[in-house]
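The structure under discussion appears below in the form of structure tokens.
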Amino acid sequence: MAIFHDLLVKTVQIMPINLVWLFSKKYIAGKTLQSAVNLVKQINAKGILATLDVLGESVKTREEAIEAKNKAMEVLDAIVKNKLNANLSIKPTQMGLAIDKELAYKQILELVKKASQINNFVRIDMEDSPYTDLTFEVYKKIYEEYNNVGVVLQAYLKRTFNDTILLNKLGTNYRLCKGIYIEPSTIAYKDKQAIRDNYLKCLELMLKNGNYVGIATHDKYLIDKSYELIKSLNVPRDMFEFQMLLGVREDLRDKINKDGYKIRIYVPYGEDWYKYSIRRLQENPNIAGHIVKEFFAMH
Ligand code: FDA
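Going letter by letter, the sequence shown gives residues 7 to 305 in our numbering.
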């Protein structure tokens, strides 16, 4: 499986950049903010919500971090200007978390403050495990001042159920996902069903405690089980939403929308699309598989 994965990743890496774009563009709104705005308008017209993400990796300098924050500020302006039904997702390391925790705190605070002024919301994505505690620290400090901010929990991490217990007490607004980074088995479940079981265990506790949850998955099994859980716990419809990535399982997305549940699409855009695509391909053999499959299907 590991050899197959490596082969897939290598195949994608030697593809010409234009070809990678051809397949990546399904998962990315475009290179400009305007392309993202246009796409969000289209999905909003179907009654589907969005969360906008300016693509970018962990930044190396304060200047890059400030530039990334400025671009995120522009997203908030565009949401208002275009009356989009959307919020903002950001990566803590893009805001400078790997350089200086205080810098990331100040930058995210600025974004959350602006979002609060326009009645909007900022979701702090969760990255790999060296940043888990730091991300929670920054989140908690900001949450002391503003409540229009939420975090992401990753069901593959063994610590997550315990984090759920602690963060529920604050009234946290969650996104719950499986987790996309490669983590050691000492801290992360590797077995597919074990991850699903932990996902459902955490989701149940979040919902039981009255926390708002973004149920972020394309896994039909998890979606079906979430439906069951929502019904059995009689969870009000304004206490959860489903979330999916742009371009993935649109059939399921439309079904959830038709079933009358709130659904939000994660819409990444920006110049940094190549690094993002390759990184995602390396992290998730499923995506590499899809791309290589489509590539060969074309010939
Ligand atoms: P799984 O990987 O099992 O996929 C289920 C099915 O979906 C597959 O069998 C396939 O049919 C389909 N599928 C998946 N990927 C596809 C693709 N590229 N093309 C076509 N079909 C595909 N992770 C993280 O660590 N931190 C974060 O902050 C976030 N944020 C986030 C936001 C949102 C809105 C989503 C939906 C996901 C994330 N993730 C994330 C990623 C998440 O952790 C996880 O890696 C992916 O969602 C894949 O897991 P699934 O639950 O979809 O199951």
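By construction, the Cβ of each residue, glycine as well, lies at the ideal position given by its N, Cα and C atoms. Values in this document were obtained by computation on a predicted structure and should not be read as measured data.
- Can you say whether Ile20 is buried or exposed, counting buried as having 16 or more other CB atoms within 10 angstroms of its CB? Translated into positions along the sequence shown, residue 20 becomes position 14. The residue is exposed, with fewer than 16 neighbouring Cβ atoms inside 10 Å.
- Task: Check the DSSP bridge columns for Arg270 and list the partner residues they point to.
- Result: Taking the first residue of the sequence shown as position 1, residue 270 is located at position 264. BP columns for Arg270 point to Leu55, Gln249.
- Compute the Euclidean distance between the alpha carbons of Asp265 and Gln249, then round it to the nearest angstrom. If you number the sequence shown from 1, residue 265 lands on position 259. If you number the sequence shown from 1, residue 249 lands on position 243. Each residue's Cα considered, the two are about 14 Å apart.
- Item | Neighbourhood of Ser95 by C-beta distance below 6 Å, restricted to the same chain and skipping five residues each side | Indexing the sequence shown from 1 puts residue 95 at position 89. For Ser95, where only same-chain residues beyond five positions count, the Cβ hits under 6 Å are Thr57, Asp59, Arg129, Asp131.
- Which value, in whole angstroms, describes the spacing of the CA atoms of Asp83 and Thr192? Within the sequence shown, residue 83 is the residue found at index 77, counting from 1. Within the sequence shown, residue 192 is the residue found at index 186, counting from 1. Each residue's alpha carbon lies about 43 Å from the other.
- Message: Just to confirm the assignment, what range does the alpha helix (DSSP H) spanning Val144 have?
- Response: Here residue 144 refers to the residue found at position 138 when the sequence shown is read from its first residue. It spans 138-149 - the alpha helix (DSSP H) in which Val144 sits, taken as one unbroken run.
- Item | Residues bridged to Cys183 (per DSSP) | Locating residue 183 in the sequence shown gives position 177, counting from the first residue. Per DSSP, Gln160.
- Item | Residues near Asn263 by beta carbon distance below 8 Å, same chain, minus five either side | Counting from one through the sequence shown, the residue named residue 263 turns up at place 257. Close CB contacts of Asn263 within its chain, under the 8 Å cut and outside five residues either way in sequence, are with Lys52, Gly53, Ile54, Ile269 (chain order).
- Query: For Leu252 versus Val219, is the C-beta spacing smaller than 7 Å?
  - Reply: The sequence position of residue 252 within the sequence shown is 246, counting from 1. The sequence position of residue 219 within the sequence shown is 213, counting from 1. Not in contact: Leu252 and Val219 (Cβ atoms no closer than 7 Å).
- Message: Less than 7 Å between C-beta atoms, sequence neighbours within five positions excluded: which residues of the same chain meet that for Lys147?
- Response: Looking up residue 147 in the sequence shown gives position 141. Excluding sequence neighbours, Lys147 sits near Tyr111.
- Item | Glu70 versus Ser238 - alpha carbon distance | Stepping through the sequence shown from its first residue, residue 70 is reached at position 64. Stepping through the sequence shown from its first residue, residue 238 is reached at position 232. Whole-angstrom Cα-Cα distance: 47 Å.
- Message: For a test of the three-state rule: what should DSSP assign to Ser95, helix, strand or coil?
- Response: The residue labelled residue 95 in the question sits at position 89 within the sequence shown. Strand.
- Task: With DSSP collapsed to three states, give me the class of Ala194.
- Result: Translated into positions along the sequence shown, residue 194 becomes position 188. Strand, per DSSP.
- Task: Identify whether Ala35 lies in helix, strand or coil by the three-state DSSP scheme.
- Result: For the purposes of this step, residue 35 is identified with residue 29 of the sequence shown, where counting begins at 1. In this structure, Ala35 counts as coil in the three-state DSSP scheme.
- Message: Could you compute how far the alpha carbon of Lys119 sits from the alpha carbon of Asn174?
- Response: As a first step, residue 119 must be located in the sequence shown, where it is residue number 113. As a first step, residue 174 must be located in the sequence shown, where it is residue number 168. Between Lys119 and Asn174, the alpha-carbon positions lie close to 23 Å from each other.
- Message: Given 6 Å as the limit, tell me if Ala222 has its C-beta closer than that to any heavy atom belonging to the ligand FDA.
- Response: Position 216 of the sequence shown, counted from the first residue, corresponds to residue 222. Yes, the beta carbon of Ala222 sits closer than 6 Å to at least one heavy atom of the ligand FDA.
- Item | Cβ distance (whole Å) where Val81 is taken to contact Leu39 below 8 Å | Taking the first residue of the sequence shown as position 1, residue 81 is located at position 75. Taking the first residue of the sequence shown as position 1, residue 39 is located at position 33. The pair is a contact, with the Cβ atoms about 7 Å apart (cut-off 8 Å).
- Hey, out of Ala200, Lys198, Asp169, whose CA is closest to Leu211's CA? For the purposes of this step, residue 211 is taken as the residue at position 205 of the sequence shown. Cα-wise, what sits closest to Leu211 is Asp169.
- Item | contact_flag[the stretch 156-165, the stretch 190-208] where n(CB pairs < 8 Å) is 3 or more | yes
- Message: Just to confirm my understanding: we take Ile115, look at its own chain, exclude 5 residues before and 5 after, and list those with CB closer than 6 Å. What are they?
- Response: By one-based count along the sequence shown, residue 115 stands at place 109. It should be noted that the sequence gives Leu, not Ile, for residue 115. Within the same chain, Leu115 has close Cβ partners Ile148.
- Task: Grab me the residues of Leu258's own chain with a C-beta within less than 8 Å of its C-beta, minus the 5 sequence neighbours each way, in chain order.
- Result: Along the sequence shown, read from residue 1 onward, the residue named residue 258 stands at position 252. So the qualifying residues of the chain are His224, Lys226, Ile229, Met250.
- Between the C-alpha atoms of Lys66 and Leu235, what's the straight-line distance to the nearest angstrom? Counting from 1 along the sequence shown, the entry for residue 66 is found at position 60. Counting from 1 along the sequence shown, the entry for residue 235 is found at position 229. Looking at the two C-alpha atoms, the distance is approximately 43 Å.
- Query: By the 10 Å Cβ neighbour count, where 16 or more other Cβ atoms means buried, how is Lys89 classified, buried or exposed?
  - Reply: For this step, residue 89 is matched to residue 83 along the sequence shown. Per the 10 Å Cβ criterion, exposed.
- Message: I need the DSSP call for Ile105, collapsed to helix, strand or coil.
- Response: As a first step, residue 105 must be located in the sequence shown, where it is residue number 99. In the structure shown, Ile105 sits in coil (DSSP, three-state: anything other than H, G, I, E or B).
- Query: Of all the options Met101, Val26, Val144, Leu61, which has the alpha carbon lying nearest to the alpha carbon of Asp278?
  - Reply: For the purposes of this step, residue 278 is identified with residue 272 of the sequence shown, where counting begins at 1. The shortest Cα separation from Asp278 among Met101, Val26, Val144, Leu61 belongs to Leu61.
- Confirm the yes/no value for this check: CB of Lys26, any heavy atom of the ligand FDA, distance under 6 Å. Working through the sequence shown from its first residue, we reach residue 26 at position 20. Just to set this straight, residue 26 is Val in the shown sequence, not Lys. Not so, every heavy atom of the ligand FDA lies at least 6 Å from the Cβ.
- Task: Alpha carbon to alpha carbon, how far is Glu256 from Met304? Give it in angstroms, no decimals.
- Result: Here the question's residue 304 lines up with position 298 in the sequence shown. Here the question's residue 256 lines up with position 250 in the sequence shown. Bear in mind that a pLDDT of 44 at Met304, under 50, signals an unreliable position, so the number given afterwards is only what the model happens to contain. The straight-line gap from Cα to Cα measures roughly 21 Å.
- Query: Would Asn93 count as contacting chain C if we go by Cβ distances under 7 Å?
  - Reply: In the structure shown, chain C cannot be found, because there is only a single protein chain.
- Message: Is Gly309 close to the ligand FDA? I mean its beta-carbon at under 6 Å from any heavy atom of the ligand.
- Response: Outside the shown range of the chain, which is 7 to 305, sits residue 309, and nothing can be said about it.
- Message: Determine whether the beta carbon atoms of Val158 and Arg181 lie at a separation below 7 Å.
- Response: Here residue 158 refers to the residue found at position 152 of the sequence shown. Here residue 181 refers to the residue found at position 175 of the sequence shown. In contact: Val158 and Arg181 (Cβ atoms closer than 7 Å).
- Please indicate yes or no: does the CB of Asp83 lie closer than 6 Å to some heavy atom of the ligand FDA? On the sequence shown, position 77 is the one that residue 83 refers to. Not under cutoff, so the answer is no.
- By DSSP, does Val128 sit in helix, in strand, or in coil? To locate residue 128, count along the sequence shown from 1; it is residue 122. Of the three classes helix, strand and coil, the one that applies to Val128 here is strand, per DSSP.
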